[in-house]
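Worksheet: the structure to be examined is printed underneath.
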């Protein structure tokens, strides 16, 4: 359902006031604004270490790592970060979603075909234009090479990245959904999950 509206006087599309996303159970939301960031991170750390009192160093290490990630995401225009804490048996499914607002300095909206062609010309993986409930969007799926860890104990591997570039109605800006996971072995299944989350987005007043 497309939730954009038009003014009666001009027929122009009104920009939405916000958006709504549906995430699976087990995904945790971190607000990236500086005044909200630490509270979100503290809540996540306390959840992860609930009932564990003998690991203060690991707890603080996680807190510092999340603060670094959140600060970096905010500097890049990030609005909120979702981390998967979803569990299958004894394993946690590692995945993340970064939501970014990308304003464009153009008087007119950038056509999706031109944006998709730009990604395709740059060799940016698989590029398509998809029709979502919120409207059409450019989808870019990539496998991103990852190197060894610092100790060299992990072999090189690829992580999956799926981006959705959604035009914000009534503006020249794009809302960027960047999904990622290191689980290359089940990349298609994870991409299907990411697609379902992106399709759940609706614009709100």
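Numbering (our numbering), first residue to last: 59 to 263.
Heads up, the beta-carbon is just placed ideally off N, CA and C, and yes, glycines get one too.
To test your reading of the DSSP string, which unbroken alpha helix (DSSP H) runs of 4 or more residues are found completely within the segment 76-109?
When DSSP assignments are scanned along the segment 76-109, the uninterrupted stretches of alpha helix (DSSP H) that are 4 or more residues long and fall wholly within it turn out to be 92-106.
Tell me the residue span of the beta strand (DSSP E) that contains residue 169.
In the DSSP assignment, residue 169 falls outside any beta strand (DSSP E), carrying neither H nor E.
Candidates 177, 253, 151 and 224: which alpha carbon is nearest residue 261's?
Looking at the Cα atoms, 224 is the closest of the given residues.
Measure the CB-CB distance between residue 140 and residue 87 and report whether it falls below 7 Å.
Yes.
Distance check for residue 115 and residue 198, CA to CA, integer angstroms please.
Approximately 38 Å between the Cα atoms of the pair.
Is the distance from the Cβ of residue 103 to the Cβ of residue 90 below 7 Å?
No.
Buried or exposed for residue 65, please, with buried defined as at least 16 other CB atoms from any protein chain shown within 10 angstroms of its CB.
No answer about residue 65 holds up, because its pLDDT of 48 lies below 50 and its placement is not dependable.
At the level of alpha carbons, what is the spacing between residue 147 and residue 84?
Cα to Cα, the separation comes out at about 13 Å.
Residue from 263, 241 and 255 whose Cα sits closest to the Cα of residue 149
Out of 263, 241 and 255, the CA that lies nearest to the CA of residue 149 is found in 241.
Tell me which same chain residues have a C-beta within less than 7 Å of the C-beta of residue 231, skipping the five on either side of it?
Around residue 231, the same chain offers 159, 160, 161 and 162 as residues with beta carbons nearer than 7 Å, after the five sequence neighbours per side are excluded.
Assuming the contact rule is C-beta atoms closer than 8 Å, residue 154 and residue 259 should be a hit. Round their C-beta distance to whole Å, please.
In fact, because the Cβ distance is near 16 Å, the residues do not count as touching under 8 Å.
Is residue 73 buried or exposed, if buried means 16 or more other CB atoms sit within 10 Å of its CB?
Residue 73 comes out exposed.
Alpha carbon of residue 248 to alpha carbon of residue 187, nearest angstrom:
Cα to Cα, residue 248 sits roughly 19 Å from residue 187.
Assign residue 136 to one of two classes, buried (16 or more other C-beta atoms within 10 Å of its C-beta) or exposed (fewer than that).
Answer is buried; the Cβ neighbour count reaches 16.
Alpha carbon of residue 124 to alpha carbon of residue 95, nearest angstrom:
Spanning the two alpha carbons is a distance of roughly 10 Å.
Do you know offhand how far residue 98's Cα is from residue 130's?
Each residue's CA atom was taken as its position, placing residue 98 and residue 130 some 16 Å apart.
Using DSSP bridges, identify the partner residues of residue 199.
Beta-bridge pairing by DSSP links residue 199 to 184 and 220.
Residues near residue 80 by beta carbon distance below 6 Å, same chain, minus five either side:
Only residues of its own chain outside the window of five on either side were considered, and among them 258 have a CB closer than 6 Å to the CB of residue 80, listed in chain order.
Per-residue burial, residue 138 [other beta carbons within 10 Å of its own, 16 or more giving buried]:
Buried, because 16 or more other Cβ atoms sit within 10 Å of the Cβ of residue 138.
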